[in-house]
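Quick note: the sequence shown, position 11, residue 13 per the numbering used here, numbers continuous. Cβ atoms here follow ideal geometry from the backbone N, Cα and C, with glycine treated the same way.
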Amino acid sequence: MTSAWQWTWALVALASELAALAALAYWGFSAGGTPVSRWLLGVGVPVTAAVLWGLFAAPQAVVQVAVLAVVTKVVVFGAAAAALLVTGSPRLAAVLAVAAVLGAVLSAPLTGPAPDVPVSAPASR
C-alpha cells in the first residue's frame with residue numbers, strides 16, 4: 003500500500019511539473035507585445051525552466067546539490083503560480099502551488115537521488 007501512495011504522489015509531482023511548464027507557456031503566449039515576442043516568451047520561458055529543472059531539480063540531475071534543487075523548484079513553481087495569477091487564474095495558481103508542495107514532499111522517497119549502490123554484486127566462485 004505504501005508503494006501505491008508513493009507512486010500516486012510521484013504522479014502528482016509529475017503532473018504539477020508539466021502544469022508549471024504549461025502555465026509558463028500560456029503566460030508567454032498571452033503576454034503583450036508583438037507576435038514574435040509572444041512566441042519567444044511562450045517557447046523560451048518553459049524551455050529555460052525545463053533545462054534548469056533537468057540540470058538541478060530532476061531525480062537524476064546533472065548537478066546533485068540539494069540547495070540548488072530546492073531553489074530551482076521554488077523558482078519554477080513560483081514563476082508558474084505568478085504566471086497564472088497574472089493571466090487571471092488565481093484558483094489554478096493555488097491548486098498548482100498545493101499540488102507542487104504535496105507532490106514534492108510526499109514523493110521524495112521515490113523520486114529522490116538514487117543511492118550509490120552497485121548495479122550487480124560480484125560473482126562468487
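Going along the chain, which residues of its own chain have a beta-carbon closer than 6 Å to the beta-carbon of Leu86, five neighbours each way excluded? If you number the sequence shown from 1, residue 86 lands on position 84. Same-chain partners within the cutoff: Ala25, Leu94, Ala95.
Boundaries of the alpha helix (DSSP H) in which Thr50 is found, first to last residue: Along the sequence shown, one-based indexing puts residue 50 at 48. For Thr50, the enclosing alpha helix (DSSP H) has its first and last residue at 37-54.
What are the boundary residues of the alpha helix (DSSP H) that Pro92 is part of? The residue you call residue 92 lines up with position 90 of the sequence shown. From DSSP, the alpha helix (DSSP H) with Pro92 extends over 92-108.
Among Gly46, Trp9, Thr74, which has the Cα closest to the Cα of Ser30? What you label residue 30 is simply residue 28 of the sequence shown in a count that begins at 1. Contrary to the premise, residue 30 reads as Gly rather than Ser in this sequence. Among Gly46, Trp9, Thr74, the Cα nearest to that of Gly30 is on Gly46.
What separation, rounded to the nearest whole angstrom, lies between the Cα atoms of Phe79 and Thr36? For the purposes of this step, residue 79 is taken as the residue at position 77 of the sequence shown. For the purposes of this step, residue 36 is taken as the residue at position 34 of the sequence shown. Whole-angstrom Cα-Cα distance: 26 Å.
If the criterion is Cβ atoms closer than 9 Å, does the pair Leu104 and Gln8 meet it? Here residue 104 corresponds to residue number 102 of the sequence shown, with the count starting at 1. Here residue 8 corresponds to residue number 6 of the sequence shown, with the count starting at 1. With respect to the 9 Å criterion, Leu104 and Gln8 are not classified as neighbours on the basis of their beta carbons.
According to DSSP, is Thr10 helix, strand or coil? Indexing the sequence shown from 1 puts residue 10 at position 8. Residue state, collapsed to three classes: helix.
Across the segment 52-66 and the segment 8-17, are there enough close Cβ pairs to call them in contact, namely three or more that are closer than 8 Å? Fewer than three pairs of CB atoms, one per stretch, sit closer than 8 Å, so the segment 52-66 makes no contact with the segment 8-17.
Grab me the residues of Arg40's own chain with a C-beta within less than 7 Å of its C-beta, minus the 5 sequence neighbours each way, in chain order. By one-based count along the sequence shown, residue 40 stands at place 38. Cβ neighbours of Arg40 within its own chain (closer than 7 Å, five residues either side excluded): Gly30, Phe31, Ala33.
Is it right to say Pro92 is buried, meaning 16 or more other beta carbons lie within 10 angstroms of its own, or is it exposed? Here residue 92 refers to the residue found at position 90 of the sequence shown. Around the CB of Pro92, fewer than 16 other CB atoms lie within 10 Å, so the residue is classed as exposed.
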